[in-house]
Structures are given as structure tokens and as C-alpha cells.
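Asker:
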Amino acid sequence: MEAMLLRPALAWSSRSCITAVAGGATIDGADMRLGGAGTRMSRFQDCSGRSRSRSRGCGRGVGVVMCSEGEPQRNRLAGIIKNKQRILESQLRSMAEGELESKLALTKAVTKPYSLLDTIAQQIMEGRTAIVLEVARLSPSETPEMLAERCVEYVNWGATALAICTDEESSPDGLADLKAVCQAVQVPILRRDWIIHPLQIADTCEAGASALTAVYSVLSKGLPAILNYAVSLGLDAVVEIINMKELQEVATLGIPIYGINISVGLAISMPSIRRDISKSLIGEIPFGASTLVGVYSIDEARTMKYAGADAIYIKHEVLHGPQAIEKNPQVFLEVLREAMSGDD
């Protein structure tokens, strides 16, 4: 079944000019701003000058492999990315002439004390499967300091690493949340957001995070440029894929960590189908690369562990919210930590 996925991606030349790509469409970005109505740049257009979108898979939640929920859900990812573009437009417009170029040039790689890739490898050597816990504000009124306090507890209870949601749907000040958590805990911190611009990568590095998510369904042809800049700043990039076709398209890029069922892709209502797709992707990951797989229960975590997942990713909604599956985060994480240790 088909669905629309808008694919904005970014690349920049040696002069720091940016080109935005949406499913093969381009925007002239010489003035360092994203395209959009009301700016000095054109809208997303194909070579004929017509506005363009692309259809690709569909489903529940953000973006999916298959679905039956209808048009509103089908377009949700496109809406999220358009909103992200508008926010970036405003941010870039507020910057002084040359400020963006200066920021990108002056942001330097910093050796991170806690590398996500190294931590996953160390856990494997110890016979463990790493646990990455997604964390978001429980309400807009929760402060970065309060969020950081929760994160300290999660680490004490068994989380190997944390993924902090910094998107606008999750927090009114995601970067402040990210900085607070990075200062509060001594584990790898992954920025979970819709990364479509190098400015976001520079901000991630400055906040102290050691990794970020890069969704191939969103970035498409711009993925190599995003990867290169992230690596140049010492960040681990978790590249999320949703199906075998995407895996084949990125297999030659030397990606160190593949993400499955994290931000998009496998939000399928039938757990058995979701697990089968995850297992099939894990089995085809290039040799030497690690896998980070989203799960919704301890049983699913065990299944992915035995299928070969190097790390499992616990979504925020598993522990919090009106549809939380587990009501006691401490008990859940302690039991999960035991389940991810050894062969039992």
C-alpha cells in the first residue's frame, strides 16, 4: 500500500551553500535558508517547476511499512517534516549574515567520553545486549533539570544509554533537555529528532551528545552529507531503515549503526509482523555493523536479542503516557537488564 513520505535532505558545498532535496526535488539554498512560502527561495519543486511529493509505504504512527488507518496517518510524517522545515527557516532567518557558516566552521570534533558505538561493542564483549531508553518530557511544565533527575534513575535501574527526544512535539526546549541530561549522567546520549540540516548536527555536538538519529526515509540522497558532517564532529549516527530496499540502498555507505523501528517504519499494530520484519532486516545487516532495534516489551526484546540485535531501543510510550504498557519503570528496567544479560 502506498503512502506519501516527504524526503528533505541536505548537502553543502565547500562554500557552505546548502541544497535541500525532497525525493529528488531540489531547492536553491545559496542564501543558507531552507525553501518555503514567504522566503527568498522557491518551494520544493521538481525539474519542471511543479510542486512535488513522493509515495512510499504507509502505516500507523509516523511512517510505516503497511497500514489500514487511512489518509490522516498516511501524511503525518510529511506534516512533521514540513513543520521542522518551518522552524529551521525561522531560526536561520534570525541569524546574522555569515553566522551559520561561521558556526559550522568553528564547531570542532570533541572526543566524547561515552561513545554509543563503543558502549554497544563493550556490552557485546561482556555477553550483554545494550539497552537504549528513549526519554521525553512527561509534560511541557517538566523542566530540563527534572528530566535529568529521571534520567539518573533510569541509568541506575539498568539503561545502558539514553535517547533524548528533542523534537517540538516532545519538548518546548529540546536542546536544553539534551544539555541537562548530558551533564547529569555518564552514559552515551543519543539525540532523537528529525535531523535535516547541519545546524542541528552542530547543536547536537555542542550539547554534549555522542550520537544522533538519521532517518533514511527522510534524508534519502542527503544521507551521505549528513553522515559525513556528523562523523567529522565525532558523533555516531544511527541510520534508520524501514525495509530491505532501503537497506540495500545504503549498504555501501559504511554505516556503523543501523536503527530499526525507532522513529519510523515498523509501527505496525500486529506484533508478530513487526517482529518478522525486524528479524529479516537484522539478518541482512552488513558484516561489522551494529543494530539498534525498537521493542515494546521484554518478550520482544528477548526475541530481537536472539535474532542478533546488538542493542534494543525502548520507546518512551512503553513506560509513560495513557497507553503505557509497563507501569513501574524501575521494575521493568531491572527485569529487562537481567533478560539482556547472558544467554537466558
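Each residue of the sequence shown is one higher than the one before, counting from 0 in my numbering. Just so you know, even glycine gets a beta-carbon here, dropped at the ideal spot from N, CA and C. Only a predicted model underlies this, so the values are computations on that prediction, with no experimental measurement involved.
Pull up the distance between the alpha-carbon of ARG32 and that of GLN90, whole angstroms please.
Answerer: Low per-residue confidence applies at ARG32: pLDDT is 31, beneath 50, and the placement is therefore not dependable, though the value from the model is reported in the following sentence. For ARG32 and GLN90, the distance between alpha carbons rounds to 9 Å.
Asker: Is ASP176 helix, strand or coil by DSSP?
Answerer: Correct three-state label for ASP176: helix.
Asker: Just the Cα atoms here: how many angstroms apart are ALA213 and LYS326?
Answerer: Looking at the two C-alpha atoms, the distance is approximately 30 Å.
Asker: Helix, strand or coil, according to DSSP, for SER138 in the structure here?
Answerer: Three-state result, SER138: coil.
Asker: Can you find the residues in the same chain that come closer than 8 Å, C-beta to C-beta, to VAL184, ignoring five residues on each side of it along the sequence?
Answerer: Only ALA147, CYS150, VAL151, VAL154, LEU161 meet the Cβ criterion.
Asker: So, for ARG274: in the same chain, excluding its five sequence neighbours on each side, which residues have a beta-carbon less than 6 Å away from its beta-carbon?
Answerer: So the list reads THR302, once near-sequence residues are dropped.
Asker: Pick out the complete beta strand (DSSP E) segments inside the region 206-263, 3 residues or longer, and give them in chain order.
Answerer: DSSP runs (the beta strand (DSSP E)) wholly in the region 206-263: 210-214, 235-240, 256-259.
Asker: Would you mind giving the Cβ-Cβ distance between ALA208 and THR159, rounded to the nearest angstrom? I have them listed as a contact below 8 Å.
Answerer: Not really, about 15 Å apart at Cβ, beyond 8 Å.
Asker: For a test of the three-state rule: what should DSSP assign to THR110, helix, strand or coil?
Answerer: Three-state result, THR110: coil.
Asker: With DSSP collapsed to three states, give me the class of GLU125.
Answerer: It is coil, neither helix nor strand.
Asker: Under DSSP, the beta strand (DSSP E) around ALA323 begins and ends at which residues?
Answerer: No beta strand (DSSP E) contains ALA323, which DSSP labels as neither H nor E.
Asker: Can you say whether LEU87 is buried or exposed, counting buried as having 16 or more other CB atoms within 10 angstroms of its CB?
Answerer: Buried, because 16 or more other Cβ atoms sit within 10 Å of the Cβ of LEU87.
Asker: Quick one: Cα of LEU332 to Cα of SER219, how far?
Answerer: Going from the Cα of LEU332 to the Cα of SER219 covers about 35 Å.
Asker: Is it the case that the region 196-207 contacts the region 249-265, given that we only count it when at least three CB pairs across the two stretches are under 8 Å?
Answerer: The region 249-265 is not in contact with the region 196-207.
Asker: Please state whether the Cβ-Cβ distance between ILE276 and VAL294 is less than 9 Å.
Answerer: Not closer than 9 Å, so no.
Asker: In chain order, what residues of the same chain lie with their CB nearer than 7 Å to the CB of TYR345, ignoring the 5 residues before and after it?
Answerer: Beyond the ends of the chain as shown, which are 0 and 343, falls residue 345; an answer cannot be given.
Asker: Of the choices LEU132, LEU226, ALA224, TRP156, whose alpha-carbon is the least far from that of LEU189?
Answerer: The option with the nearest alpha carbon to LEU189 is LEU132.
Asker: Measuring only the C-alpha atoms, how far is THR290 from GLU316?
Answerer: Approximately 21 Å between the Cα atoms of the pair.
Asker: Taking the alpha helix (DSSP H) that TYR312 falls in, what are its first and last residues?
Answerer: Taken as a continuous stretch (DSSP letters only), TYR312 belongs to no alpha helix (DSSP H), being part of the beta strand (DSSP E) at 310-313.
Asker: Please state whether DSSP places GLY381 in a helix, a strand or coil.
Answerer: It is not possible to answer for residue 381, since the shown part of the chain is limited to 0 through 343.
Asker: Could you give the first and the last residue of the continuous alpha helix (DSSP H) run that contains GLY287?
Answerer: Premise fails: GLY287 is in no alpha helix (DSSP H) and is neither H nor E.
Asker: Just how far apart, CA to CA, sit ILE284 and LEU76?
Answerer: Near 25 Å, if we compare the C-alpha coordinates of LEU76 and ILE284.
Asker: Shortest alpha-carbon distance to ASP123 belongs to which of PRO321, GLY307, GLN322, GLY320?
Answerer: Before going on, a small fix: residue 123 reads as Ile here, not Asp. Cα-wise, what sits closest to ILE123 is GLY307.
Asker: Starting from ILE188, follow the beta strand (DSSP E) in both directions and report where the run begins and ends.
Answerer: Start and end: 188-191.
Asker: Using CA atoms only, rank isn't needed, just tell me which of LYS278, GLY97, GLY221, HIS319 is closest to ILE311.
Answerer: That would be LYS278, whose Cα lies nearest to the Cα of ILE311.
Asker: Assuming ILE240 and ILE225 make a contact with CB atoms under 8 Å, what is their CB distance in whole Å?
Answerer: 14 Å between Cβ atoms; not a contact.
Asker: For GLU133, list the residues DSSP reports as bridge partners.
Answerer: In DSSP, GLU133 forms a bridge with ALA162.
Asker: My guess is that ASP235 and LEU115 are in contact by the Cβ rule of under 8 Å, so how many angstroms apart are they, rounded?
Answerer: Confirmed, about 5 Å.
Asker: Within 10 angstroms of its Cβ, does PRO197 collect 16 or more other Cβ (buried), or is it exposed?
Answerer: Buried, since its Cβ has 16 or more Cβ neighbours within 10 Å.
Asker: Whole-angstrom Cβ separation of LEU280 and MET339, contact assumed at under 8 Å?
Answerer: LEU280 to MET339, Cβ: 20 Å. No contact.
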